[in-house]
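Visitor: Residue 121 in our numbering is what sits at position 110 of the sequence shown, and the numbering runs on without skipping anything.
For glycine and all other residues, C-beta sits at the position ideal for the given N, C-alpha and C.
Handing you this structure, nothing more for now.
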Amino acid sequence: MLAKRIIPCLDIKDGMVVKGVNFVGLKNVGDPIEIAKRYDEQCADEVVFLDITATYENRDIIKDLIQRAASELSIPLTVGGGIRTLDDFRMILSSGADKVSINSAAILNPQLIQQAADEFGVQCVVVAIDAKMRDDQSGYDVYMAGGRKNTGLDLIAWVQQCEQLGAGEILLTSMDKDGTRDGFDIDMLNAVLDVVSIPVIASGGCGNQEDIVEVFEKTNCDGALAASLFHYQEATIDDVKALCASHHIPVRRN
């Protein structure tokens with residue numbers, strides 16, 4: 012069995028790491044490079060930089076951060092936020108990132124997934140999806156623009172389309188769980204995992220180490236993404252991996 016990945020996520024606004032609840036109430040928690048270096052030292056499997064306001068503010072300030080991070084980190088770096096074209100993919104990858112995460116751009120132009128996979132390889136293409144349970148509990152809607160706009164897309168249909176177009180990985184965030192710290196959305200994850208064969212990363216709701224163990228025990232996701240748990244130094248990545256190992260969950264350790 013492949014080792015499960017523990018992935019800290021850095022939501023970035025105006026060049027600084029921020030954290031909120033249900034995508035709002037953002038608070039500054041520090042410098043992204045210094046925080047990422049700490050996670051590198053703790054044996055994180057990779058790190059994600061998400062420029063959470065780039066799409067709707069039309070900013071490209073993330074480039075400098077990518078170059079700095081690539082020069083100082085030894086772990087893989089995934090970058091998302093404000094990616095609209097193949098040229099954006101090219102800039103991010105040439106700046107030193109290992110993967111590019113697209114969300115709103117993929118919804119607006121699904122062929123971008125296929126074009127990027129064809130040019131750069133499927134391993135570079137991550138489709139990030141923000142989804143929320145419908146009011147009538149009939150399923151999940153996909154949101155875009157940093158969770159600000161309901162696209163009306165059905166989550167299950169969208170993940171299947173993403174896989175068919177060549178996405179190498181799905182980064183799935185439950186908006187209902189985001190920032191609440193009461194555990195991952197197991198039902199949403201399993202609904203997606205039932206219909207795709209590509210890796211799925213769980214995001215949204217991690218409040219403690221046990222939540223990460225739970226998501227690996229109750230779903231077949233390939234990785235777990237967390238922010239507050241690590242940002243506020245309530246647990247280290249080494250702590251989480253030791254706990255996973257004690258539950259016979261395969262993880263990569265020093």
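Three or more C-beta pairs closer than 8 angstroms, one from the stretch 191–207 and one from the stretch 153–160: is that the case here?
Guide: Not touching, per the Cβ criterion.
Visitor: Excluding the 5 residues flanking Glu68 on each side, which residues of the same chain have their C-beta closer than 6 angstroms to its C-beta?
Guide: Taking the sequence shown and counting its residues from 1, one reaches residue 68 at position 57. Unreliable positioning characterises Glu68 in this predicted model, as indicated by a pLDDT of 46, which lies under 50. The coordinate reading is nonetheless provided below. Excluding residues within five positions, none has a Cβ falling inside 6 angstroms.
Visitor: Who are the near neighbours of Arg79 in its chain, counting only those whose CB is closer than 8 angstroms to its CB and skipping five residues on each side?
Guide: Start at 1 with the first residue of the sequence shown, and residue 79 comes out as number 68. Within the same chain, Arg79 has close Cβ partners Ile44.
Visitor: Does the stretch 239–254 come close enough to the stretch 208–216 that 3 or more CB-CB pairs lie under 8 angstroms?
Guide: Contact between the stretch 208–216 and the stretch 239–254 is absent, because fewer than three Cβ pairs lie under 8 angstroms.
Visitor: Once DSSP output is grouped into helix, strand and coil, what is the label at Asn39?
Guide: As a first step, residue 39 is located in the sequence shown; it is residue number 28 there, counting from the start. Correct three-state label for Asn39: strand.
Visitor: The ligand ADP heavy atoms versus the CB of Asp189: any closer than 8 angstroms?
Guide: In terms of ligand content, the structure shown is empty, and the ligand ADP therefore cannot be addressed.
Visitor: To the nearest angstrom, report how far apart Gln172 and Val40 are at their CA atoms.
Guide: What you label residue 172 is simply residue 161 of the sequence shown in a count that begins at 1. What you label residue 40 is simply residue 29 of the sequence shown in a count that begins at 1. Their backbone Cα atoms lie some 36 angstroms apart in a straight line.
Visitor: Taking just the CA atoms, how far does Arg264 sit from Pro121?
Guide: Position 110 of the sequence shown, counting from 1, holds the residue named residue 121. Position 253 of the sequence shown, counting from 1, holds the residue named residue 264. Straight-line Cα distance between these residues: approximately 37 angstroms.
Visitor: Under the three-state reduction of DSSP, which class applies to Tyr67: helix, strand or coil?
Guide: The residue given as residue 67 occupies position 56 in the sequence shown. Only weak support is given to the placement of Tyr67: the predicted model assigns it a pLDDT of 47, under 50, and the value that follows is read from those uncertain coordinates. Correct three-state label for Tyr67: helix.
Visitor: How many angstroms separate the CA atom of Ser82 from the CA atom of Asp147?
Guide: Sequence index remark: in the sequence shown, residue 82 carries index 71 (1-based). Sequence index remark: in the sequence shown, residue 147 carries index 136 (1-based). Cα to Cα, the separation comes out at about 48 angstroms.
Visitor: Would the beta-carbon of Val111 fall within 9 angstroms of that of Val90?
Guide: The residue you call residue 111 lines up with position 100 of the sequence shown. The residue you call residue 90 lines up with position 79 of the sequence shown. Yes; because the gap between Cβ atoms is below 9 angstroms, this pair is in contact.
Visitor: Please name the residue, chosen from Gly107, Ile73, Asp109, that lies closest to Ile94 on a Cα-to-Cα basis.
Guide: For the purposes of this step, residue 94 is taken as the residue at position 83 of the sequence shown. Minimum Cα distance to Ile94 is reached at Ile73.
Visitor: Rounded to whole angstroms, what is the Cα-Cα separation between Lys38 and Thr191?
Guide: For the purposes of this step, residue 38 is taken as the residue at position 27 of the sequence shown. For the purposes of this step, residue 191 is taken as the residue at position 180 of the sequence shown. The straight-line gap from Cα to Cα measures roughly 14 angstroms.
Visitor: With distances taken from CA atoms, which of Met144, Thr184, Gly234, Phe60 is nearest Cys15?
Guide: Mapped onto the sequence shown, residue 15 falls at position 4. Going by the sequence as given, residue 15 is Lys instead of Cys. If we check each option's Cα against that of Lys15, Gly234 comes out closest.
Visitor: Measure from the alpha carbon of Val28 to the alpha carbon of each residue in Leu254, Ala253, Ser239, then state which is nearest.
Guide: Mapped onto the sequence shown, residue 28 falls at position 17. Of the listed residues, the one whose Cα sits closest to Val28 is Ser239.
Visitor: Which partner residues of Leu88 appear in the DSSP bridge assignment?
Guide: The residue labelled residue 88 in the question sits at position 77 within the sequence shown. According to DSSP, which records beta bridges pairwise, Leu88 is partnered with Val58.
Visitor: For Asp152, report the span of its alpha helix (DSSP H) as first-last.
Guide: Along the sequence shown, read from residue 1 onward, the residue named residue 152 stands at position 141. That residue, Asp152, is in no alpha helix (DSSP H); its beta strand (DSSP E) goes 151–155.
Visitor: Does the beta-carbon of Asp98 have 16 or more other beta-carbons within 10 angstroms, so that it is buried, or is it exposed?
Guide: On the sequence shown, position 87 is the one that residue 98 refers to. Counting Cβ neighbours within 10 Å, Asp98 comes out exposed, since fewer than 16 surround it.
Visitor: Where does Ala178 fall in DSSP's three states?
Guide: Walking along the sequence shown from the start, residue 178 turns up at place 167. It is coil, neither helix nor strand.
Visitor: Could you tell me the alpha carbon to alpha carbon distance between Ile18 and Phe241, rounded to whole angstroms?
Guide: Along the sequence shown, one-based indexing puts residue 18 at 7. Along the sequence shown, one-based indexing puts residue 241 at 230. The straight-line gap from Cα to Cα measures roughly 10 angstroms.
Visitor: May I ask you to list the residues that DSSP assigns as paired with Pro19?
Guide: Working through the sequence shown from its first residue, we reach residue 19 at position 8. Paired residue(s): Ala237.
Visitor: Between which residues of its own chain and Gln125 is the CB-CB distance below 8 angstroms, once the five residues before and five after are set aside?
Guide: Residue 125 sits at position 114 when you count from the first residue of the sequence shown. Within the same chain, Gln125 has close Cβ partners Leu176, Gly177.
Visitor: Going by beta-carbon coordinates alone, are Pro87 and Glu130 separated by less than 9 angstroms?
Guide: On the sequence shown, position 76 is the one that residue 87 refers to. On the sequence shown, position 119 is the one that residue 130 refers to. Their beta carbons are not under 9 angstroms apart, which means Pro87 does not touch Glu130 by this criterion.
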